[in-house]
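Take the sequence shown: its letters are residues 1 to 301, numbered as in the UniProt record's numbering.
Built from N, CA and C at the ideal position, the CB exists for glycine as well.
Notes to accompany the following structure.
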Amino acid sequence: MASPDDLKFQEFDEATDLLLADPGASTLSMSGSSRTAPAGATGDIKLDMSDDEGQEESSELLRGEKQTSGFWTFEYYQSFFNVDTMQVLDRVKGSVMPLPGRNFIKHTLQSSPDLYGPFWICVTLVFSLAISGNLSTFLNSLGSPQYHYRPQFHRVTIAAVVIFLYAWLVPLGVWGFLTWRQREERQQSGYSFLETVCVYGYSLFIYIPTSVLWILPFEWLRWLLILVAMVISGSVLVLTFWPVVRDDTKVTAFATVATIVILHALLSIGCKMYFFQTATRTPVPTLAPNHTAAIFTNKTH
């Protein structure tokens, strides 16, 4: 059986004996913090094995100085879709439940906008409008002898052009105007273009279930649904952009908010008027009894 002395690291004992015999000998420091050598020592060699590179990278991340990839790379656009399901659901919930005093960008996005939710919301809304519009036209004209159903695939193209132009051009105009006004008024607070596109994209979610309910052939119900959808989605936009424009002049602030609401209302009303037109049935012509009898008499002769 081995004794306790046999289990000792003999190398350490030999190194200790060497240091006691010659205090000025050169040493190797394997730790991050090295001790200074005596003033009279010469030829002192020290090797620092600390992970300076990892510390520099972590400090860059903490200070936000990590360089991002160029806009021509795939990694640059991949960061815009880096969200999970719970984040998207929370943002959808925030877009259909606007609360006074809660800014959608500050409280829901939390300075982390994405394009995943807005993109799929716009795509879903395009097909929802086109399919629901076709079904509405079919149900309204059902039973009419002069109506022959034909799939209207061009509605998908029209819906895509309208929705995506609205979801990109209107935010671009709003962001450009607010940026210009901030420079004129020397204001520092504002939103980025990505945040503006994100809030506009999520504000369109309420129109997906609304467009499905527009299939019901009740005109008063359709206009009521339009009003509810405009109030909900418009409130998200107003509560988001009002804190940015309220420091401007009163005329400019109210004009900006009014323009945002009017453009949003034009989108919803235009989609209803084009995709869900009121049914106009052509009456079937009927012959009067005397006219019918006269035609029958002429045929007999």
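Neighbour-count burial assignment, residue i, 16 or more Cβ in a 10 Å radius
i, result
"residue 176", "exposed"
"residue 56", "Because residue 56 sits at a pLDDT of 47, beneath the cut-off of 50, its placement in the model cannot be relied upon, and the following sentence gives the value as read from the coordinates. Burial call: exposed."
"residue 220", "exposed"
"residue 200", "buried"
"residue 121", "buried"
"residue 155", "buried"
"residue 272", "buried"
"residue 365", "Residue 365 is absent from the structure shown; the chain starts at 1 and stops at 301."
"residue 264", "buried"
"residue 249", "exposed"
"residue 258", "exposed"
"residue 98", "buried"
"residue 85", "exposed"
"residue 226", "buried"
"residue 166", "buried"
"residue 218", "exposed"
"residue 214", "buried"
"residue 113", "buried"
"residue 268", "buried"
"residue 52", "Residue placement at residue 52 is poorly supported in this model, since its pLDDT is 49, which falls under 50; the coordinates are not used for a value here."
"residue 130", "buried"
"residue 75", "exposed"
"residue 239", "buried"
"residue 62", "With a pLDDT of 40 at residue 62, under the threshold of 50, the modelled position of this residue cannot be trusted, and the question is left open."
"residue 39", "Reliability of the predicted coordinates at residue 39 is poor, the pLDDT of 47 falling under 50, and the value obtained from them is presented with this limitation in mind. The residue in question, residue 39, is exposed, as its Cβ has fewer than 16 Cβ neighbours within 10 Å."
"residue 149", "exposed"
"residue 174", "buried"
"residue 276", "buried"
"residue 224", "exposed"
"residue 210", "buried"
"residue 266", "exposed"
"residue 178", "buried"
"residue 44", "Here the model assigns residue 44 a pLDDT of 48, short of 50, so the residue's position is not dependable, and the following value carries that caveat. Exposed, by the Cβ-count rule."
Reference residue i; option with closest CA among the options
i, options, result
"residue 164", "118, 153, 135, 151", "118"
"residue 243", "139, 104, 114", "104"
"residue 274", "97, 152, 83", "152"
"residue 203", "149, 125, 272, 139", "125"
"residue 206", "130, 236, 216", "236"
"residue 270", "222, 96, 251", "222"
"residue 158", "213, 128, 173, 192", "128"
"residue 168", "197, 190, 150", "197"
"residue 252", "180, 102, 266, 193", "180"
"residue 245", "182, 160, 148, 141", "182"
"residue 195", "261, 96, 115, 92", "115"
"residue 256", "100, 138, 171", "171"
"residue 261", "247, 233, 277, 276", "233"
"residue 161", "142, 145, 123, 191", "123"
"residue 191", "141, 139, 111", "111"
"residue 229", "82, 95, 80", "95"
"residue 140", "88, 216, 102", "216"
Residue i CB to nearest heavy atom of the ligand GDP below 7 Å
i, result
"residue 225", "This structure does not include the ligand GDP; it has no bound ligands of any sort."
Interface flag, residue i vs chain D, CB-CB below 8 Å
i, result
"residue 113", "Here chain D cannot be found, since the structure has a single protein chain."
May I have a chain-ordered list of the alpha helix (DSSP H) segments no shorter than 4 residues that lie completely inside the region 152-195?
154-185
Does the region 106-116 come into contact with the region 134-141, if we say contact requires no fewer than three beta-carbon pairs (one atom in each stretch) closer than 8 Å?
no
Complete runs of the alpha helix (DSSP H) confined to the region 202-285 [at least 4 residues]:
207-213, 219-245, 250-275
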